[in-house]
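Numbering (the working numbering), first residue to last: -14 to 262.
Note that beta-carbon positions come from the ideal geometry of N, C-alpha and C, so glycine has one too.
Predicted model only: the values in this text are computed from it and were never measured.
Okay, structure first, notes after.
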């Protein structure tokens, strides 16, 4: 087995996978509330150390396994993927139903056909029924939904104000007299004990394992809701472009190593073996 060939293939595959992550980050640089993804690159040794006691073949002794895996131990591979949940910049829109969250590990709740999902994208609108929904049409949920399903609905002709805890107040603009702001509902904000289990599922939404719902907390005093703002993505385009260039160069380098093995080393080995034969 050509250890160098295997190592080069492993390194190239790893860098191509990293390239996909970087490209997705750049594509979402202007996506509201998007969080940057990244990978940790390790090597085969970590996997081997975890499973060396459970080798499946009787003849595959620990000593033999160590011998076979010498050339594999340092093959690069992605050992972990993670999301950088740092808060993005705040952009003023002035729109009544635009909301941003100014703290980490806080999410709006929305109802989808697959159940409750979570988002940092607070660019909401009203549908034909006056219900607060996402741009995809998913209802935005209040805190009380976790105990009893209900929605956030508005009546035309009312001024709407939302405080930093997500509480919604309205005033009747058709009333000739001066009416006070009345609390009618709230925009639900939740946080998670273990946010690492949040999984991106598309449409700027996250899912969380149902069996861990006891780790979800609806926040009555979040202090993080900003009406008339949207959170930008936390992508640094310069940083991502630097990573893109670096990754492309590594892919090119691994490609040259593979070509060397195929066109030069193999040819030389065949020629010398044929001569000896």
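Given residue 217, which residues of its chain have a CB within under 6 Å of its CB, disregarding the five upstream and five downstream residues? 73, 74, 76
Own chain residues within Cβ distance below 8 Å of residue 143, not counting five before or after: 155, 156, 157, 158
Backbone CA spacing between residue 240 and residue 60 [nearest angstrom]: 15 Å
Integer-rounded CB distance, given that residue 94 should sit under 8 Å from residue 176: With a Cβ gap of about 11 Å, residue 176 and residue 94 do not count as contacting.
Please classify residue 127 as buried or exposed, where buried requires at least 16 other C-beta atoms within 10 Å of its C-beta. buried
Where residue 190 and residue 132 are concerned, what is the direct C-alpha to C-alpha distance, given to the nearest angstrom? 22 Å
Around the Cβ of residue 194, are there at least 16 other Cβ atoms within 10 angstroms (buried) or fewer (exposed)? exposed
Jot down the residue ranges of each uninterrupted beta strand (DSSP E) in the region 179 to 225, minimum 3 residues, whole runs only, in chain order. 184 to 187, 190 to 192, 201 to 203, 210 to 212, 214 to 216
How many angstroms separate the CA atom of residue -14 from the CA atom of residue 204? Any answer about residue -14 is weak, because its pLDDT of 49 lies below 50 and its placement is not dependable; what the coordinates show is given next. So the two alpha carbons sit approximately 58 Å from each other.
Expected contact under 8 Å - CB spacing of residue 213 and residue 78 to nearest Å: 6 Å
Take the Cβ of residue 101 as the centre, count every other Cβ of all protein chains shown within 10 Å, and call the residue buried at 16 or more, exposed below. buried
Cβ contact (3+ pairs, closer than 8 Å) linking the region 225 to 232 and the region 113 to 125: no
Nearest to residue 71 by CA position, among 228, 220, 226, is which residue? 220
7 Å CB neighbourhood of residue 170 in its chain, flanking five on each side removed: So the qualifying residues of the chain are 127, 137, 153.
Need the endpoints of the beta strand (DSSP E) that residue 134 sits in, please. From DSSP, residue 134 is part of no beta strand (DSSP E); its letter is neither H nor E.
List the residues that DSSP assigns as beta-bridge partners of residue 27. In the DSSP assignment, residue 27 is bridged to 62.
Which partner residues of residue 100 appear in the DSSP bridge assignment? 97
Once the 5 residues before and after residue 17 are set aside, which same chain residues still bring their CB inside 8 Å of it? 105, 106, 107, 108, 189, 215, 216, 217, 218
For the candidate residues 242, 164, 227, 211, whose alpha-carbon lies nearest to that of residue 88? 211
Between which two residues does the beta strand (DSSP E) carrying residue 144 extend? 143 to 147
Contact set for residue 200: own chain, Cβ-Cβ below 7 Å, skip 5 residues either direction: 177, 178, 179
Cβ separation of residue 26 and residue 63, assumed to be a contact under 8 Å, to the nearest whole Å: 6 Å between Cβ atoms; contact.
Three-state secondary structure (DSSP) at residue 91? Secondary structure of residue 91 (DSSP, three-state): coil.
Which class does residue 117 belong to by DSSP, given the choice of helix, strand or coil? strand
Who does residue 153 pair with in a DSSP beta bridge? 147, 170
Between residue 165 and the rest of its own chain, which residues show a CB-CB distance below 8 Å, the 5 nearest in sequence each way excluded? 156
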